[in-house]
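Notes to accompany the following structure.
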Amino acid sequence: MKVLVGVKRVVDYAVKVRVQNKSVDLNNVKMSLNPFCEIAVEEAVRLKEGKHADEVVAMSIGPKQCTETLRTALAMGCDRAIHVTTDLRTDYMDLQPYAIAKIFEKVAEQEGTDLVLLGKQGIDSDCGQTGPMLAGFLGWPQVTFAANLEAKDGGIQVERETDAGTETINIPSLPAVVTCDLRLNEPRYATLPNIMKAKKKKVDTIAADSFGIDLEAHNEVLEVFEPPQRQEGIMVDDIDQLVDKLKNEAGVLA
Amino acid sequence: MRSLVSKYLARHAYRTARIKGSTPVATYRQPRHRLSSSSSSSSFHDLFNPTQEHAQLRAMLRDFVQNEVEPQAMEFNRTETFNLPLMKQLGDLGLLGLTVPEEYGGSGMMGDATSVVMVHEELSASDPAFCLSYLAHSLLLTHNLSTNGSETQKLAYLPRACSGEIIGGMAMSEPGAGTDVLGMTTKAVVLQHQDAMNHQNSWTLSGRKMWITNGTIDNGQTTGDLFLVYARTGPERQDLTAFLVEKDMPGFELGQQIKDKLGMRASPTAELVLDNVSVPPQNVVGEINGATLCMMRNLEVERLGLAAMALGIARRSINVMKEYASQRQAFGSDLYKFGQVQQMITTSYAEYMAGRCYVYALANRLDLETYGNGLDADGTKLYCAQMAKTVADRSIQVLGGYGYVGDYAVERLWRDAKLLEIGGGTNESHHKNMARDLKAMPHEIE
Numbered sequence: 001m002k003v004l005v006g007v008k009r010v011v012d013y014a015v016k017v018r019v020q021n022k023s024v025d026l027n028n029v030k031m032s033l034n035p036f037c038e039i040a041v042e043e044a045v046r047l048k049e050g051k052h053a054d055e056v057v058a059m060s061i062g063p064k065q066c067t068e069t070l071r072t073a074l075a076m077g078c079d080r081a082i083h084v085t086t087d088l089r090t091d092y093m094d095l096q097p098y099a100i101a102k103i104f105e106k107v108a109e110q111e112g113t114d115l116v117l118l119g120k121q122g123i124d125s126d127c128g129q130t131g132p133m134l135a136g137f138l139g140w141p142q143v144t145f146a147a148n149l150e151a152k153d154g155g156i157q158v159e160r161e162t163d164a165g166t167e168t169i170n171i172p173s174l175p176a177v178v179t180c181d182l183r184l185n186e187p188r189y190a191t192l193p194n195i196m197k198a199k200k201k202k203v204d205t206i207a208a209d210s211f212g213i214d215l216e217a218h219n220e221v222l223e224v225f226e227p228p229q230r231q232e233g234i235m236v237d238d239i240d241q242l243v244d245k246l247k248n249e250a251g252v253l254a
Numbered sequence: 255m256r257s258l259v260s261k262y263l264a265r266h267a268y269r270t271a272r273i274k275g276s277t278p279v280a281t282y283r284q285p286r287h288r289l290s291s292s293s294s295s296s297s298f299h300d301l302f303n304p305t306q307e308h309a310q311l312r313a314m315l316r317d318f319v320q321n322e323v324e325p326q327a328m329e330f331n332r333t334e335t336f337n338l339p340l341m342k343q344l345g346d347l348g349l350l351g352l353t354v355p356e357e358y359g360g361s362g363m364m365g366d367a368t369s370v371v372m373v374h375e376e377l378s379a380s381d382p383a384f385c386l387s388y389l390a391h392s393l394l395l396t397h398n399l400s401t402n403g404s405e406t407q408k409l410a411y412l413p414r415a416c417s418g419e420i421i422g423g424m425a426m427s428e429p430g431a432g433t434d435v436l437g438m439t440t441k442a443v444v445l446q447h448q449d450a451m452n453h454q455n456s457w458t459l460s461g462r463k464m465w466i467t468n469g470t471i472d473n474g475q476t477t478g479d480l481f482l483v484y485a486r487t488g489p490e491r492q493d494l495t496a497f498l499v500e501k502d503m504p505g506f507e508l509g510q511q512i513k514d515k516l517g518m519r520a521s522p523t524a525e526l527v528l529d530n531v532s533v534p535p536q537n538v539v540g541e542i543n544g545a546t547l548c549m550m551r552n553l554e555v556e557r558l559g560l561a562a563m564a565l566g567i568a569r570r571s572i573n574v575m576k577e578y579a580s581q582r583q584a585f586g587s588d589l590y591k592f593g594q595v596q597q598m599i600t601t602s603y604a605e606y607m608a609g610r611c612y613v614y615a616l617a618n619r620l621d622l623e624t625y626g627n628g629l630d631a632d633g634t635k636l637y638c639a640q641m642a643k644t645v646a647d648r649s650i651q652v653l654g655g656y657g658y659v660g661d662y663a664v665e666r667l668w669r670d671a672k673l674l675e676i677g678g679g680t681n682e683s684h685h686k687n688m689a690r691d692l693k694a695m696p697h698e699i700e
């Protein structure tokens, strides 16, 4: 089984983002591996360790700093990496899920991939569209929001999160696309010896515009704004005052 | 779904590489197996993370410390107990044998002082006491043995020390000999009988060793697993020899676990008693009467490690007071608006950065396999230990009553910082050494 795993470089979850010029200001902001992609990497590496996967290839789309994100994936145990280079923003401002899924489609075909593992969404745009679109383009079966994944008789069995618990889906034969959810696993720490070994692993570079894919954004972001500042609470004297305020100020009671 | 994400994000930081590597500085000596450099511009980032791998190591450490070290720190401080499983986890990450060659189970970062500094700095931002035990095991025992031990000794002990299967330390100080270390009285004498196989002599060790970090690792039941013990073997003051003393050697006993320390309470400290301990010749480390040099060399890296611990304490203290001052309201505004508070935060930051630059400037050019860097090893610790204590003190002051109790960690950091002015060399011993080195300097200070 050949596994292709998506690795997105996003604004670090701990950063308090600022809005400037109708988008999130990315200047001098700490960037990190998208947490859901990290779960996908962990799952891919476990498939390899369980002798179900022969090769795990990590792939990232973005500027040259993405190689750092890919090195993290390599230090966690991926075998090699593909860096699709572009200076377009990947947080929905320029390059959007449609084009990203198209690039993944090309690479999965070139690589002879059997299983594509992606995070269920990036924490920057929160779209959650790349996995389903990719499966559509490829015509492959898909399972989103994976909470458990087992290789089984040449196929996979995936437990997926739903609003009412989980459901188990059997895909009797590969290829397939799976997007990974929070409970799937707990990613490992890259050990120091593995950080050093990752340095020697291969990272191939391909320009995004060399695929002959339309990279234009087809949806336009009209406005990005920070959530309004939360007002301090007030103390009310009695129930009557509370009901009055709920009726006349908050407008939540008729 | 959104709440799941935030839950994940709140409890589970994830690991990633920092944004850039660095330009190699031509005048810096490149030790063997040194991490290679990559290109970049941001000068501070490069000073503190000279290569992309260093940046990755730091990112991993931040993540590990936040998830695994921080949550346990307060409890182990309160109960004065040692977190042995967490120490073994450092073995899994390849941190216990950081500077040990791979063939002995280490991570192969020989000579790389920068990695050593990073680990101590990051661990100490959450738990200096745990870090002190890490230092005793990884630098004073494991690194020391890796530098000074024979091939046979390294093969016999290092793989287990690097994995965390055995945890120990180093025994130098005595009840009556600290800064005046050459005044130690623990003796090793040659046994009468000869070892028939190789005609080498067995030794008998007698004496008491004091303030031994990791002297016990089971909360006062027995000794730690393995110690590098210095003992007197000749008539001259410098006639010291290093011996490997193992747990359960007859006559090697735990004297007492030293309790009620001001700080570093999660790091076990003990008195060890050597009562006619018979030590076979293969446990002699280095030359007979030749240990003084090894001891002094190892003290250099120990001091750099302790200086790095001070950096972690200072950074955490500054972050705590900065955050608190921004939140706490008084006289109609937040504390951050008051000049007195601004002075404490900004002065602390400037002093912290001065110390951090000193430590990394030294670490980045230091090859741990050489020696002769005593002046600045002493200098970094002398400066940073006092700086950390002062910064932690200011942090308590900014927080007022809240700083004086345990919840915000700064009172613990303040107590831990005080040890750095005593352990691994008192401030006064650094004054003594540095005054000697500065006087002997054949040229003006550059």
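Protein chains in written order, with this note's numbering: chain A, 1 to 254; chain B, 255 to 700.
Using N, Cα and C, we set each Cβ at its ideal position, and we do this for glycine too.
For residue 508 of chain B versus residue 496 of chain B, is the C-beta spacing smaller than 8 Å? Looking up residue 508 of chain B in the second sequence gives position 254. Looking up residue 496 of chain B in the second sequence gives position 242. Not in contact: residue 508 of chain B and residue 496 of chain B (Cβ atoms no closer than 8 Å).
Can you list, in chain order, the residues of its chain with a C-beta nearer than 6 Å to that of residue 602 of chain B? Leave out the 5 residues immediately preceding and following it. Your numbering for residue 602 of chain B matches position 348 in the second sequence. 572, 645 and 648, listed in sequence order.
What residues of chain B sit near residue 193 of chain A, judged by a beta carbon separation below 8 Å? Reading the first sequence from its first residue, position 193 is the one you call residue 193 of chain A. Going along chain B in sequence order, the residues near residue 193 of chain A (Cβ under 8 Å) are 348, 356, 361 and 362.
Below 7 Å on C-beta distance, what does residue 377 of chain B contact in chain A? Translated into the one-based positions of the second sequence, residue 377 of chain B becomes position 123. Result: empty, since nearest Cβ-Cβ is about 14 Å, beyond 7 Å.
What is the residue span of the beta strand (DSSP E) that residue 681 of chain B lies within? For the purposes of this step, residue 681 of chain B is taken as the residue at position 427 of the second sequence. Note, residue 681 of chain B: premise wrong, no beta strand (DSSP E); alpha helix (DSSP H) at 681-694.
Report the residue from B:494, B:486, B:521 and B:454 whose alpha carbon sits nearest the alpha carbon of residue 473 of chain B. Position 219 of the second sequence, counting from 1, holds the residue named residue 473 of chain B. Ranking the options by Cα distance to residue 473 of chain B, first place goes to B:521.
Should residue 267 of chain B be labelled buried (16 or more other beta-carbon atoms within 10 Å of its own) or exposed? To locate residue 267 of chain B, count along the second sequence from 1; it is residue 13. The predicted position of residue 267 of chain B is uncertain, since its pLDDT is 36 and thus under 50; a value taken from the coordinates is nonetheless stated next. With 16 or more other Cβ atoms within 10 Å, it is buried.
Is residue 139 of chain A buried or exposed, if buried means 16 or more other CB atoms sit within 10 Å of its CB? Numbered from 1 along the first sequence, position 139 holds the residue referred to as residue 139 of chain A. Exposed is the call here.
Along the chain, which unbroken stretches of the alpha helix (DSSP H) at least 4 residues long are found entirely within the stretch 123-162 of chain A? 130-138
Among the candidates A:132, A:88 and A:68, whose CA atom is the shortest distance from the CA of residue 33 of chain A? For the purposes of this step, residue 33 of chain A is identified with residue 33 of the first sequence, where counting begins at 1. Of A:132, A:88 and A:68, the residue nearest in Cα terms is A:68.
With H, G and I counted as helix, E and B as strand and the rest as coil, what does DSSP make of residue 634 of chain B? Taking the second sequence and counting its residues from 1, the one referred to as residue 634 of chain B is at position 380. The answer is helix: DSSP assigns residue 634 of chain B an H, G or I state.
From B:666, B:672, B:674 and B:698, pick the residue whose C-alpha is nearest to that of residue 334 of chain B; which is it? Translated into positions along the second sequence, residue 334 of chain B becomes position 80. Ranking B:666, B:672, B:674 and B:698 by Cα distance to residue 334 of chain B puts B:666 first.
Counting only beta-carbon atoms, is residue 258 of chain B nearer than 8 Å to chain A? Position 4 of the second sequence, counting from 1, holds the residue named residue 258 of chain B. For residue 258 of chain B, the predicted model reports a pLDDT of 43, less than 50, meaning its position is unreliable; a value from the coordinates is still stated below. Yes, its Cβ sits closer than 8 Å to a Cβ of chain A.
Please report how far the alpha carbon of residue 695 of chain B lies from the alpha carbon of residue 613 of chain B, in whole angstroms. On the second sequence, position 441 is the one that residue 695 of chain B refers to. On the second sequence, position 359 is the one that residue 613 of chain B refers to. Answer to the nearest angstrom: the Cα atoms are 21 Å apart.
Out of A:65, A:236 and A:187, state which residue places its alpha-carbon closest to the alpha-carbon of residue 37 of chain A. In the first sequence, counting from the first residue as 1, residue 37 of chain A sits at position 37. Checking every option, the nearest Cα to that of residue 37 of chain A belongs to A:187.
Beta strand (DSSP E) segments (min. 3 residues) lying fully within the stretch 498-566 of chain B: 506-511 and 523-533
Sequence-distant residues of the same chain with beta carbon closer than 7 Å to residue 519 of chain B, five excluded per side: Looking up residue 519 of chain B in the second sequence gives position 265. Result list for residue 519 of chain B: 331, 334 and 383, in chain order.
Would you identify the three-state DSSP class for residue 302 of chain B, choosing helix, strand or coil? Here the question's residue 302 of chain B lines up with position 48 in the second sequence. The three-state reading of DSSP puts residue 302 of chain B in helix, counting H, G and I together.
Counting only Cβ-Cβ distances shorter than 7 Å, please list the residues of the stretch 82-108 of chain A near chain B, keeping chain order. Within the stretch 82-108 of chain A, no residue has a Cβ that lies closer than 7 Å to any Cβ of chain B.
Among A:31, A:85, A:3 and A:93, whose alpha-carbon lies nearest the alpha-carbon of residue 22 of chain A? Reading the first sequence from its first residue, position 22 is the one you call residue 22 of chain A. Selected option, being the one with the closest Cα: A:93.
Who does residue 496 of chain B pair with in a DSSP beta bridge? Position 242 of the second sequence holds residue 496 of chain B. Residue 496 of chain B is bridged to B:484 and B:539.
Using 8 Å as the limit for Cβ to Cβ distance, is residue 68 of chain A near chain B? Walking along the first sequence from the start, residue 68 of chain A turns up at place 68. Yes, residue 68 of chain A lies at the interface with chain B (some Cβ there is under 8 Å from its Cβ).
For a minimum of 3 consecutive residues, which ranges assigned as the beta strand (DSSP E) are wholly contained in the stretch 425-466 of chain B? 441-448
Along chain A, in chain order, which residues have C-beta atoms closer than 7 Å to that of residue 317 of chain B? Taking the first residue of the second sequence as 1, we reach residue 317 of chain B at position 63. Here the neighbours are 189.
Leaving out five residues on either side along the sequence, give the residues of the same chain with a beta carbon under 6 Å from the beta carbon of residue 711 of chain B. Past the boundaries of the shown model lies residue 711 of chain B; chain B is included only from 255 to 700, so the question cannot be answered.
To the nearest whole angstrom, what separates the beta carbons of residue 460 of chain B and residue 530 of chain B, a pair I think is in contact under 8 Å? Sequence index remark: in the second sequence, residue 460 of chain B carries index 206 (1-based). Sequence index remark: in the second sequence, residue 530 of chain B carries index 276 (1-based). Rounded, the Cβ-Cβ distance is 6 Å, consistent with contact.
Give me the chain A residues within the contact set of residue 306 of chain B, using Cβ-Cβ distance strictly less than 9 Å, ordered along the chain. Along the second sequence, one-based indexing puts residue 306 of chain B at 52. The answer, in chain order, is 67, 68, 71 and 199.
Neighbour list for residue 352 of chain B in chain A, Cβ cutoff strictly below 9 Å: Numbered from 1 along the second sequence, position 98 holds the residue referred to as residue 352 of chain B. Those are 192, listed as they occur along chain A.
7 Å Cβ shell around residue 279 of chain B - same chain, five flanking residues per side excluded: As a working mapping, residue 279 of chain B is identified with position 25 in the second sequence. Here residue 279 of chain B scores only 32 on pLDDT, less than 50, and its place in the model is too uncertain to base an answer on.
My output table needs one value for residue 703 of chain B: the three-state DSSP class, helix, strand or coil. Residue 703 of chain B lies beyond the range of chain B shown here (255 to 700); nothing can be said about it.
In this structure, does DSSP put residue 468 of chain B in helix, strand or coil? Here residue 468 of chain B refers to the residue found at position 214 of the second sequence. Three-state result, residue 468 of chain B: coil.
Between residue 235 of chain A and chain B, is any beta-carbon pair separated by less than 8 Å? The residue given as residue 235 of chain A occupies position 235 in the first sequence. Cβ-Cβ to chain B under 8 Å: no for residue 235 of chain A.
Can you have a look at residue 380 of chain B and say buried or exposed, based on whether 16 or more other CB atoms are within 10 angstroms of its CB? Translated into the one-based positions of the second sequence, residue 380 of chain B becomes position 126. Flag for residue 380 of chain B reads buried.
As a quick exercise: from B:480, B:591 and B:462, pick the residue whose alpha carbon is nearest that of residue 510 of chain B. Here residue 510 of chain B corresponds to residue number 256 of the second sequence, with the count starting at 1. If we check each option's Cα against that of residue 510 of chain B, B:462 comes out closest.
Any beta carbon from chain B within less than 8 Å of residue 75 of chain A's own beta carbon? Looking up residue 75 of chain A in the first sequence gives position 75. Interface residue, yes.
Give me the Cβ distance between residue 216 of chain B and residue 674 of chain B, rounded to the nearest whole Å; I'm assuming they're in contact under 8 Å. Shown here, chain B extends from 255 to 700; a query on residue 216 of chain B therefore has no answer.
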